[in-house]
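>
Numbering (this note's numbering), first residue to last: 1394 to 1551.
If you want it as C-alpha cells, here you go:
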C-alpha cells in the first residue's frame, strides 16, 4: 500500500457544539468524525432495525455522515430505509449513493434481514425525526409533532 500526504498528522481543534467548553481534535486526513458527527442518538430503533443500525452506523460514520434512523417495513416486499445526513444536517444525492455503496456489502455479509429486501438511503427530509439533543436545539422555535412510546397524561401524540 502506497501512502501519500504529509509526514505527520494534521489536526484542527473545534469547540464542543454542546457548549460545554470541551475541545476535541479531529484528523481530517483520516476522515475522523468530529464530536458533532458522533453525538449519540437519544431515539433508537428496536428489533431488526436496531441490528441494521448497529451494522451500518460505523460505515456511515467512516464516510463523515451520521445515522438518523433505520426503518424496516414490509411495504412492497421488504424495505430497509436508512436516513443519514452530514453533521451540519445537509445531504446530497451523491451522499446517499456513497452510503448505499458502503453499507450494501456490509449488510450482505451480516445479513440481519431474513428475507430479500430493497435498500433505500435518503436524507431525513422536511418531516425529519428529531433523534439527537442537537436536533432539538437546531429546530427550537419550529412547530413539531411528538409521538411517545408510552402515554403521557393518557396521550401518545402531541
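Think of the CB as a built atom: it goes at the ideal place given N, C-alpha and C, for glycine as much as any other residue.
CB of residue 1532 to nearest heavy atom of the ligand HEM: below 7 Å?
Within the structure as shown, the ligand HEM is missing, as the structure has no ligands at all.
> Tell me the rounded alpha-carbon separation between residue 1488 and residue 1432.
Spanning the alpha carbons of residue 1488 and residue 1432 requires a straight line of approximately 20 Å.
> Excluding the 5 residues flanking residue 1466 on each side, which residues of the same chain have their C-beta closer than 6 Å to its C-beta?
1472
> Report yes if the CB atom of residue 1484 is closer than 8 Å to the CB atom of residue 1477, and no otherwise.
yes
> Cutting at 7 Å between CB atoms, please list the residues of its own chain near residue 1452, excluding the five before and the five after it.
1495, 1496, 1499
> What is the rounded straight-line gap between the Cα of residue 1526 and the Cα of residue 1512?
28 Å
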